[in-house]
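Q: Count along the sequence shown starting at 1, add 28, and that's the number in the numbering used here.
Ideal Cβ positions, reconstructed from N, Cα and C, are used throughout, including at glycine.
My questions all concern the structure below.
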Amino acid sequence: MKTLIVPVACVLLAACHADQEDPSSFRSIEPVCVEDDDLPVGAWDCSEPLVIDCNDASVPDEIYVRLEPGQCDGVTLQDMDGPFPPGEHDIVIIDGISNDAVCTTELTVTDAVAPVVTTERQSMWPPNHKYHDITLADCIDEVLDCDDDWVAAIDWVSSDEPDDDNGDGNTDADVVIVASDAVQLRSERQGGSNGRVYTIGFTVTDGSGNVTEAACEVAVDHDQGKSKGGAVADEEAYRVEAD
Numbered sequence: 029m030k031t032l033i034v035p036v037a038c039v040l041l042a043a044c045h046a047d048q049e050d051p052s053s054f055r056s057i058e059p060v061c062v063e064d065d066d067l068p069v070g071a072w073d074c075s076e077p078l079v080i081d082c083n084d085a086s087v088p089d090e091i092y093v094r095l096e097p098g099q100c101d102g103v104t105l106q107d108m109d110g111p112f113p114p115g116e117h118d119i120v121i122i123d124g125i126s127n128d129a130v131c132t133t134e135l136t137v138t139d140a141v142a143p144v145v146t147t148e149r150q151s152m153w154p155p156n157h158k159y160h161d162i163t164l165a166d167c168i169d170e171v172l173d174c175d176d177d178w179v180a181a182i183d184w185v186s187s188d189e190p191d192d193d194n195g196d197g198n199t200d201a202d203v204v205i206v207a208s209d210a211v212q213l214r215s216e217r218q219g220g221s222n223g224r225v226y227t228i229g230f231t232v233t234d235g236s237g238n239v240t241e242a243a244c245e246v247a248v249d250h251d252q253g254k255s256k257g258g259a260v261a262d263e264e265a266y267r268v269e270a271d
């Protein structure tokens, strides 16, 4: 079974930076107590709300809390655990000693980047003219997105061989879309061909409305020997559209 959802928490939230070695270390906001007005450039001041993009690797993972002179020694500010997916989040910094809130603000996480989808070619054998059930869960290898609130749906399915032609058996309706994420494909190919390749076209839509179009191939090889190799995707012969 392949990984279907890969939310990678980077910086403050579940963002998708493939170069982040240990994203789990950025699943919380660490408060820093200060008693003066000198904050680092670009620091997040708890007196101000913050709006960030979930794919921005430069977002700080610290929030600065201003207290009166001498007060920082008397508090133990607690980290606020994430991750923080796209949306609005109330940030409340608690003093672990008194259990009182010392600062409240708002974090707004936006997402304008479409999911990154990778697929894996599937195969059917033997070519005995029987249906195989293929789902998008079979086809999708992974989805990288700021959160796991995404939906995949089939748009169309095509074949590079005719529905019923010489050398592939006396059958038709080789493609039957049975659900938004599932299709029945007939395991057959023309005897003199280089194999049959079905292509499943689908879209992945995340919780922010960003859309990615993707496609997955399902092959029926000519044979299992090395003489012809794997099925080769030729020009589309016909297409079945999803309702």
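Tell me the DSSP secondary structure of L164 in three-state form.
A: Here residue 164 is taken as the residue at index 136 of the sequence shown, counted from 1. The answer is helix: DSSP assigns L164 an H, G or I state.
Q: Give me the residue from D200, G237 and D271 with the minimum Cα distance to D177.
A: Stepping through the sequence shown from its first residue, residue 177 is reached at position 149. The candidate whose alpha carbon is nearest that of D177 is G237.
Q: May I ask you to verify whether the stretch 153 to 166 touches the stretch 135 to 144, counting CB pairs closer than 8 Å and requiring at least 3?
A: no
Q: Check whether the Cβ atoms of A243 and T104 lie closer than 8 Å to each other.
A: Residue mapping note: residue 243 aligns to position 215 of the sequence shown, counting from 1. Residue mapping note: residue 104 aligns to position 76 of the sequence shown, counting from 1. No, they are not a contact pair.
Q: Can you tell me whether DSSP reads G229 as helix, strand or coil?
A: The residue you call residue 229 lines up with position 201 of the sequence shown. Residue state for G229 is assigned as strand, using DSSP reduced to three classes.
Q: Take C82 as the anchor and find which of S126, D107, P143 and D65 has the nearest alpha-carbon.
A: Mapped onto the sequence shown, residue 82 falls at position 54. Residue P143 is the option with its Cα nearest to C82.
Q: Less than 8 Å between the beta carbons of D166 and G229, yes or no?
A: Along the sequence shown, one-based indexing puts residue 166 at 138. Along the sequence shown, one-based indexing puts residue 229 at 201. Not a contact, by the Cβ cut-off of 8 Å.
Q: Can you confirm whether the stretch 216 to 225 touches the stretch 118 to 128 when touching is taken to mean that 3 or more C-beta pairs between the two stretches lie within less than 8 Å?
A: no
Q: Please classify D173 as buried or exposed, where buried requires at least 16 neighbouring CB atoms within 10 angstroms.
A: Within the sequence shown, residue 173 is the residue found at index 145, counting from 1. Buried, since its Cβ has 16 or more Cβ neighbours within 10 Å.
Q: If we count the other Cβ atoms within 10 Å of its Cβ and call it buried at 16 or more, is V246 buried or exposed?
A: Residue 246 sits at position 218 when you count from the first residue of the sequence shown. That one is buried.
Q: State the CB to CB distance for the pair P59 and V87, rounded to an integer number of angstroms; the pair is presumed to be in contact (CB under 8 Å).
A: As a first step, residue 59 is located in the sequence shown; it is residue number 31 there, counting from the start. As a first step, residue 87 is located in the sequence shown; it is residue number 59 there, counting from the start. With a Cβ gap of about 16 Å, P59 and V87 do not count as contacting.
Q: Pick from P97, M108 and A85: whose alpha carbon is nearest that of I91?
A: In the sequence shown, counting from the first residue as 1, residue 91 sits at position 63. Checked all of P97, M108 and A85; the closest Cα to I91 is M108.
Q: Contact defined as beta carbons within less than 8 Å: I believe A180 pairs with V225. What is the distance between those atoms, to the nearest angstrom?
A: Counting from one through the sequence shown, the residue named residue 180 turns up at place 152. Counting from one through the sequence shown, the residue named residue 225 turns up at place 197. Wrong, their Cβ atoms sit about 20 Å apart, outside the cutoff.
Q: Consult DSSP for D118 and reduce its assignment to one of helix, strand or coil.
A: Here residue 118 is taken as the residue at index 90 of the sequence shown, counted from 1. Here D118 sits in strand by DSSP.
Q: Straight-line CA distance for D271 to S208?
A: To locate residue 271, count along the sequence shown from 1; it is residue 243. To locate residue 208, count along the sequence shown from 1; it is residue 180. Going from the Cα of D271 to the Cα of S208 covers about 9 Å.
Q: May I have the straight-line CA-CA distance separating D64 from P97, to the nearest angstrom?
A: Your numbering for residue 64 matches position 36 in the sequence shown. Your numbering for residue 97 matches position 69 in the sequence shown. If you take the alpha carbons of D64 and P97, they lie about 8 Å apart.
Q: In angstroms with no decimal places, state the Cα-to-Cα distance between P111 and E241.
A: Residue 111 sits at position 83 when you count from the first residue of the sequence shown. Residue 241 sits at position 213 when you count from the first residue of the sequence shown. Distance between the alpha carbons of P111 and E241 is about 27 Å.
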